[in-house]
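The block underneath contains the structure these notes are about, expressed in structure tokens.
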Amino acid sequence: MDAVSTPTVRPKPGGRSGLRLLVRNRLAAFGLVLLAVLLLVALLTPLLPLPDPDATAPADRLLPPGTPGHWLGTDHLGRDLLSRLLWGSRVSIAVGVSATLVAAFFGSLIGLVAGYAGGRVDNLLMRSIDLVMAFPYILLALTIVAVLGPGLLNALYAIAVVNIPFFARNIRGVTLGLARREFVAAARLSGARPATLLFGEILPSVWPTIVVTMSTTLGWMILETAGLSFLGLGAQPPQADLGSMLGEGRKLLFTAPHVSIIPGVMIFLLVISVNLLGDGVRDYLDPRLKAGALTAPVAATAVQRDRPADRADGSEGPDPLLSVAGLQTEFHQGDRIHRAVGGVDLVLHPGERLGLVGESGSGKSVTALSLLRLVPTPPGIIVGGEIRFAGRDTLGLSARELRQLRGGRVSYIFQDPLSTLHPLFPVGDQLVEALHTHQDLSSGKARQRAVELLEKVQIPGAQQRMRAYPHELSGGMRQRVCIAMALANRPDLVVADEPTTALDVTVQAQILELLRSLAAEQNSAVLFITHDFGVVSELCDRVAVMYAGRIVEQGPTEEVLSAPAHPYTAKLIECVPVLGESDRKVEAIPGLPPAVDELPAGCHFADRCPFAEDQCRRGELALENIGRDRAARCRKPLWSEA
Amino acid sequence: MWLFLGKRLFAIVPILLGLSILVFAMMALIPGDPATAILGSYATPENVARLNEQLGLDRPLPQQYLIWAGNLLQGDLGRSYALNRPVAHEVFERFGATLILAGSALLLCAFFGLLAGVVAAVRQFRWTDRIVTLVVLVGISTPSFWLGLLMIMLFAVHLQWLPASGMYAAYGGGDLPDLLRHLAMPAVTLAVVATGVIARLTRTAMLEVLRQDYIRTARAKGVPERRVIYRHAFKAALVTVIPVLGIQAGFVIGGAVYIETVFQWPGIGRMLVNAISTRDLLLVQGGVLVVAVSYVLFNLAADILQALLDPRLR
Chain A
7 MDAVSTPTVR PKPGGRSGLR LLVRNRLAAF GLVLLAVLLL VALLTPLLPL
57 PDPDATAPAD RLLPPGTPGH WLGTDHLGRD LLSRLLWGSR VSIAVGVSAT
107 LVAAFFGSLI GLVAGYAGGR VDNLLMRSID LVMAFPYILL ALTIVAVLGP
157 GLLNALYAIA VVNIPFFARN IRGVTLGLAR REFVAAARLS GARPATLLFG
207 EILPSVWPTI VVTMSTTLGW MILETAGLSF LGLGAQPPQA DLGSMLGEGR
257 KLLFTAPHVS IIPGVMIFLL VISVNLLGDG VRDYLDPRLK AGALTAPVAA
307 TAVQRDRPAD RADGSEGPDP LLSVAGLQTE FHQGDRIHRA VGGVDLVLHP
357 GERLGLVGES GSGKSVTALS LLRLVPTPPG IIVGGEIRFA GRDTLGLSAR
407 ELRQLRGGRV SYIFQDPLST LHPLFPVGDQ LVEALHTHQD LSSGKARQRA
457 VELLEKVQIP GAQQRMRAYP HELSGGMRQR VCIAMALANR PDLVVADEPT
507 TALDVTVQAQ ILELLRSLAA EQNSAVLFIT HDFGVVSELC DRVAVMYAGR
557 IVEQGPTEEV LSAPAHPYTA KLIECVPVLG ESDRKVEAIP GLPPAVDELP
607 AGCHFADRCP FAEDQCRRGE LALENIGRDR AARCRKPLWS EA
Chain B
210 MWLFLGKRLF AIVPILLGLS ILVFAMMALI PGDPATAILG SYATPENVAR
260 LNEQLGLDRP LPQQYLIWAG NLLQGDLGRS YALNRPVAHE VFERFGATLI
310 LAGSALLLCA FFGLLAGVVA AVRQFRWTDR IVTLVVLVGI STPSFWLGLL
360 MIMLFAVHLQ WLPASGMYAA YGGGDLPDLL RHLAMPAVTL AVVATGVIAR
410 LTRTAMLEVL RQDYIRTARA KGVPERRVIY RHAFKAALVT VIPVLGIQAG
460 FVIGGAVYIE TVFQWPGIGR MLVNAISTRD LLLVQGGVLV VAVSYVLFNL
510 AADILQALLD PRLR
């Protein structure tokens, strides 16, 4: 996925943007406001004109809510519920926050020391933590209260202890990573004391993790403290927190339900506001989620063609198998638009092998994936152009029609066979699935076909290998399985996206030869994506060179290799090391391709081109015919027929 | 697989050993004289002395532990003085009721949690996803003991569909339909929080899996989307969710403490709360030990299940 890996500028975390992010996340903002209101009320409670929460008034017992003077009613002793609710909230919040601080302090300390010291200290500490976690959460709290005796303070200790492992584990993980970093090693070498190092260098980096863990456990702790009090093991009368109010009210459930419902509502509001805010804090501080990385692509790339396809006419000879015209694929990430493919035209005839060559980020993989709409959406969108396969526009196909093409008449071979094969299914099952999807076969017949296919790609002991999982095979074997899968339904077109890049050099040649001979045997056309001109010269009839999302040159392989027209092509060819000429200078092309979200006007290669002139940087540049079956997108081609 | 199983079984031995030491230490940590603590403050000095001798409390701690562990291995957890019967009998009787409750809650939360998580992930950014996310958030923020009270008010008091408490009807009950009627509310209430946690996790796991190359491969093969999601993606997501199911088993068994109190379910949680209030410490000790061991076994089961799904783990 070349285009996805293009560096993008992310907003730096900072006070103001953090606040903005929080506000943008409406749920988190709602949590913040709610929590602020609750905290404010709890803080101001002593100043409010409320009756004494513990003053009993037998004459006024169990008044319903809405009674003047007792807006939330009274309990079985005639105490004012509103007053008790607010005073009780203060206790619950104080205990929850204290427990969180205690757990955060000791848990972080354990995590820091374990992660920093490593070795036996780490082992001992973490095994102890594991042991604590071997107890079910609430049970452990109960046990501690059983030992210490019921009481609010003991409940606080119990809840804190139970939550220490969460902090210890999270903080240890981060510290472990940091302790191996250069800046820590440098400080250590310069003779800093471990304590200075731990609190001066490591703690600031660990801080976000501590905050995230606090914000995610605070809600639990408030809930669990209330729970212990509810069971009668926390706050003891006459002291009351929300949990014990609920516990007392339970006995009146049938006669005066409001006595138990009201404190419950308060607990719920507190906890949900903390959780809402906690989620917001986590989304902001957890870089993985912040990058918006967690989006799942849908089944087919979105197509929003607001631009009409400018059909490149005048294609001579018989109808091509595949013709791509003006294909434009973009990645929309936030406010940025990456034009990964900016108007690609391609033609492929039956049985022909076309090489699509370019550096990483040139858009060649995205072009290949666009053909059957396999570019991930979000963020990918096909915004323009037309793709005709066997006369039909694949961008306009229904899901069902698209599925029939996929793996049927058009199949794919991807780069890394370890990640492209499903790790949890035997390769035989995956092969059989490919067959079943497009052919009506009995399962016995399908398995037999699968074995034949494995034999065809020269996997020894094919019958036994059917049951092997991908991780049990070598890289070369895995790619052979992928080739077998791609050829299972005798496709008219095989799209091979750098199929040998992830493999050992020694295996590459075998895989290429296998692909070439099998494709030729079935008369399948091949679209071969690579960055390696050496591979193209061995395999392809024609070649198209891509740069910054556009084709800059195309023509028959032999001709392009011997007389490249575009300066970029010439540079790429120079990059290929030649066997036996070890002293030949392999030159990297100076400079980098332009970022596809900030493409320059004119020729995209101009900044790296030794022949560039001012006029190269102006206007639109078309792919022009420079000879029979040859074209280049260059004002001053190095070669042309005329 | 057999090697894996052997290793895994072997690995729980030190955990069980550690647990037993911890539970034993709990008694040793109680402030003051354990025998007095067990018998209560009204105990006669003779009785205290006799119990001290019986439990070997006059000997050094390591020796005490060995005696205790030896008795434990013979199924002897001591005697509950408040109930005047062996702790083991009481604990196992109560544990059966808790297993029924917690087991049903686990089944519920696994089913609905996985379903909601998958649906939310597949319909990411759409209304279904938002609603699931919001419901989950409300679910995990609701105090289960309060939810239980609300359920009783609605279904037992107001609608009178279900019994408010107990495990069997006092008269004419005792069969399976009767049990299910009593089980419905507590099991659902107990499952709510765990369902939320599992739904959240499943959603994240599914999103993670759906971005993988092998999902693209399945789509490139032309596999129907339904199959891509429920076979290819779900199986892989399940591998990450299963250990959490094991951990949730702990939360569910622990959370049963509240639910059993609210619904008067005769399980081990209610027994523990009562025993703590009455300072029946041997009963607490026995109950804690049994629950903790069952939690270890739940996690073991989750590990084995995970290895069955993922060949790379065995």
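Residue numbers (this note's numbering), protein chains in the order written: chain A, 7 to 648; chain B, 210 to 523.
The C-beta atom is built at its ideal place from N, Cα and C for all residues, glycine as well.
Proximity below 8 Å, CB of residue i to CB of residue j
i	j	result
A/Ala508	A/Gly481	yes
B/Gly357	B/Val471	yes
A/Arg175	A/Gly117	yes
A/Gly121	A/Ile177	yes
B/Val401	B/Thr351	yes
A/Ala638	A/Glu626	no
B/Ile396	B/Leu371	It is Ala, not Ile, that sits at residue 396 of chain B in the sequence shown. No, the Cβ-Cβ distance between B/Ala396 and B/Leu371 is not below 8 Å.
A/Ala152	A/Ala305	no
A/Leu333	A/Val350	yes
B/Arg530	B/Asp519	Beyond the ends of chain B as shown, which are 210 and 523, falls residue 530 of chain B; an answer cannot be given.
A/Gly434	A/Met552	no
B/Thr307	B/Ala465	yes
A/Val501	A/Leu377	yes
Any chain B beta carbon closer than 8 Å to residue i
i	result
A/Tyr143	yes
A/His338	no
A/Glu647	no
A/Glu439	yes
A/Pro429	yes
A/Pro385	no
A/Ser98	no
Local conformation of residue i per DSSP, three classes
i	result
A/His572	coil
B/Pro395	helix
A/Val582	coil
A/Asn529	coil
A/Ile557	strand
B/Tyr423	helix
A/Glu392	strand
B/Asp489	coil
A/Ser266	helix
A/Ser329	strand
A/Val602	coil
A/Pro562	strand
Proximity winner among the options, relative to residue i (alpha-carbon distances)
i	options	result
A/Asn160	A/Val457, A/Ser235, A/Leu437	A/Ser235
A/Val532	A/Pro356, A/Val463, A/Glu647, A/Thr426	A/Pro356
A/Gln418	A/Gly434, A/Gln470, A/Ala494, A/Pro429	Gln is not the amino acid found at residue 418 of chain A; the sequence shown has Tyr there. Checking every option, the nearest Cα to that of A/Tyr418 belongs to A/Ala494.
A/Pro243	A/Tyr143, A/Leu131, A/Arg90	A/Arg90
B/Arg412	B/Leu447, B/Leu248, B/Tyr290	B/Leu447
A/Asp86	A/Arg96, A/Thr73, A/His442	A/Thr73
B/Phe233	B/Ile349, B/Leu399, B/Gly496	B/Gly496
A/Leu520	A/Asp503, A/Asn529, A/Asp510, A/Ile489	A/Ile489
A/Arg641	A/Val190, A/Leu437, A/Gly608, A/Ile150	A/Gly608
A/Thr62	A/Thr222, A/Gly79, A/Thr261	A/Gly79
A/Asp422	B/Gln421, B/Pro386, B/Gly322	B/Gln421
B/Arg339	A/Leu237, A/Asn31, A/Gly240	A/Asn31
Proximity test, Cβ basis, 8 Å: residue i and chain A
i	result
B/Lys216	no
B/Ala486	The sequence as given places Ser at residue 486 of chain B; Ala does not occur at that position. It does; some Cβ of chain A falls within 8 Å.
B/Met480	no
B/His441	yes
B/Glu469	no
B/Thr426	yes
B/Asp512	no
B/Val450	no
B/Met360	no
>> Short of 9 Å Cβ to Cβ, which residues in the region 403–421 of chain B face chain A?
In response: Thr413, Met415, Leu416, Glu417, Val418, Leu419, Arg420, Gln421
> When you check each C-beta in the region 220–233 of chain B against every C-beta of chain A, which residues fall closer than 7 Å?
Replying inline: Ile224, Gly227, Leu228, Leu231
>> Using a Cβ-Cβ cutoff of 7 Å, what residues of the region 502–517 of chain A are near chain B? List them in chain order.
In response: none
>> Can you pull out the residues from the region 314–337 of chain B whose beta carbon lies closer than 9 Å to at least one beta carbon of chain A?
In response: Ala330, Val331, Gln333, Phe334
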